[in-house]
Each structure stands twice: as structure tokens, then as C-alpha cells.
Amino acid sequence: MITTGVTKEGRAMFPLMPFKHYGHMDTTDITSIIAYLRTLPSRASVVPDSKPDFPVSLLINLMAQKATPITRPDTSDKRAYGQYLVNASGCIECHTPDKRGEIIVAEAFSG
Numbered sequence: 102m103i104t105t106g107v108t109k110e111g112r113a114m115f116p117l118m119p120f121k122h123y124g125h126m127d128t129t130d131i132t133s134i135i136a137y138l139r140t141l142p143s144r145a146s147v148v149p150d151s152k153p154d155f156p157v158s159l160l161i162n163l164m165a166q167k168a169t170p171i172t173r174p175d176t177s178d179k180r181a182y183g184q185y186l187v188n189a190s191g192c193i194e195c196h197t198p199d200k201r202g203e204i205i206v207a208e209a210f211s212g
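Quick look at the structure:
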């Protein structure tokens, strides 16, 4: 789910979850994130069903993707490991201009 944007039931998640970035993380790191989350105490809550209106409902279903894990760089290579962490964290989403929701790659991390 956190790497593909699709729940166990096959429903697409709203893209606020940075699954497109998590899907490019090393499998060991994803497993570690899940292991940590499972140590947190559960909390009783009622989560209402999400029923987005058209056309958002259609767009959400088009955003799911297959996970394509990569091998984590050696942590002694500070530049490569830093780049891996920045990309996995989705920093580009908030720190890069976009045009109609698409990141302008040529202006990465410029704002």
C-alpha cells in the first residue's frame, strides 16, 4: 500500500501519501518503516469511507503505480545516500515548482 498507492482491497489511495517515492526505496527500508509503525500503539478511530467526486475519483485511480525498489546506496557515500533519502522522502514535491501538478524537473529544488 505505501509503495503502490493501492489498498489490500484494491482501492486507490489519495496521492497525499507519497507512495510514488516510497515505491523507489530499498525493500529493507520499507520493511523497517512498516516494522516501526507496527510498534506504535493502536488508537480507536472511525475513518469514514472516502468517496471523492468525479473527476477526482477517476484521477485517483490513474495515479497508482507498481513499486520499483532500488538498492540503497552505501551510507559511506554521503552524496549518493543523501540523494536517496531526499528522493525517498518526496522533498521534491514541496520544494520544486510545478505546472498543472507536474514537477518541472529542470527547476528541481528551486522553490
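Per my numbering: the sequence shown = residues 102 to 212. Virtual Cβ for every residue (Gly too), placed ideally from N, Cα, C. It should be emphasised that the depicted structure is a prediction, and the values quoted were computed from it without experimental measurement.
Boundaries (first-last residue) of the alpha helix (DSSP H) holding residue i
i: alanine 189; result: 179 to 190
i: valine 107; result: No alpha helix (DSSP H) holds valine 107; DSSP gives it neither H nor E.
i: isoleucine 135; result: 128 to 140
i: phenylalanine 120; result: 120 to 123
Alpha-carbon to alpha-carbon, residue j and residue i
i: threonine 197; j: asparagine 188; result: 12 Å
i: phenylalanine 120; j: threonine 128; result: 13 Å
i: arginine 180; j: glutamate 110; result: 39 Å
i: histidine 122; j: leucine 186; result: 10 Å
i: lysine 200; j: valine 206; result: 10 Å
i: asparagine 162; j: phenylalanine 155; result: 11 Å
DSSP-derived helix/strand/coil call for residue i
i: isoleucine 161; result: helix
i: isoleucine 193; result: helix
Best match in the options for proximity to residue i [C-alpha to C-alpha]
i: serine 151; options: Leu141, Ala165 and Phe115; result: Phe115
i: isoleucine 193; options: Ser158, Arg139 and Ser211; result: Ser211
i: arginine 112; options: Thr140, Pro142 and Leu159; result: Leu159
i: methionine 126; options: Asp199, Gly191, Leu141 and Ala207; result: Gly191
i: leucine 117; options: Ala209, Leu141 and Gly202; result: Gly202
Chain C within 8 Å of residue i, Cβ atoms only
i: leucine 141; result: In the structure shown, chain C cannot be found, because there is only a single protein chain.
Checklist entry - Three or more C-beta pairs closer than 8 Å, one from the stretch 102 to 111 and one from the stretch 165 to 175: is that the case here? => result yes
Checklist entry - Looking at C-beta atoms only, is the number of pairs between the stretch 146 to 158 and the stretch 121 to 132 that lie closer than 8 Å three or more? => result With the cut-off at 8 Å, the stretch 146 to 158 and the stretch 121 to 132 do not touch.
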